[in-house]
Amino acid sequence: MKNVATAIGVSMLSPVIVGSLLGMYFVFVYGDGELFWQLLTTAIANAHIVGISMAVCVLPTYHFLYKRNKVTYSAVMTTAMIGGAVLTYLFSVSGGPIIIANSIMCSLGAALFLYSLRRHSAS
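Residue 86 in our numbering is what sits at position 21 of the sequence shown, and the numbering runs on without skipping anything.
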């Protein structure tokens, strides 16, 4: 249980990672440093989507597959991406690039969750 809690904590780094990468991309393309901080804070402000997606979609899917000994990364990642898109539509916006960014953040969160579980299970 401690491994799962640690893995969930690690998965919450995904908004910082995605916000930083998008911010750096737009700084290099447009040369505006203000855009970096705006994108980073927007990604962090949307971190609740990642947390809810982990709680509502990823953990139940992982638990269901773990009980049946059929955990596949693609199933958990797909659930996270679809959950992120649906939750973004419900809570945030009805369209636009933010749905894609939040879906990527949720799938990266699920990937970090699985990676951390695998890493802590091996040691």
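Even for Gly, the Cβ is constructed at its ideal location relative to N, Cα and C.
Please classify T153 as buried or exposed, where buried requires at least 16 other C-beta atoms within 10 Å of its C-beta. buried
Look at Y138 and A176 and say whether their C-beta atoms are less than 9 Å apart. yes
According to the Cβ coordinates, are V83 and I169 closer than 9 Å? yes
Going by DSSP in three states, V136 sits in which element: helix, strand or coil? coil
Could you say which of G98, A110, M119 and F178 lies nearest to I163 if we only look at CA atoms? A110
Leaving aside the five residues before and after T189 along the sequence, list all residues of the same chain whose C-beta is less than 8 Å from its C-beta, in chain order. Because the chain is modelled from 66 through 188, residue 189 falls outside the range shown and cannot be assessed.
Are the CB atoms of A150 and M119 within a distance shorter than 9 Å? no
In terms of alpha-carbon separation, which member of I73, S79, V141 and V69 lies closest to A166? S79
Could you give the DSSP three-state label for L177: helix, strand or coil? helix
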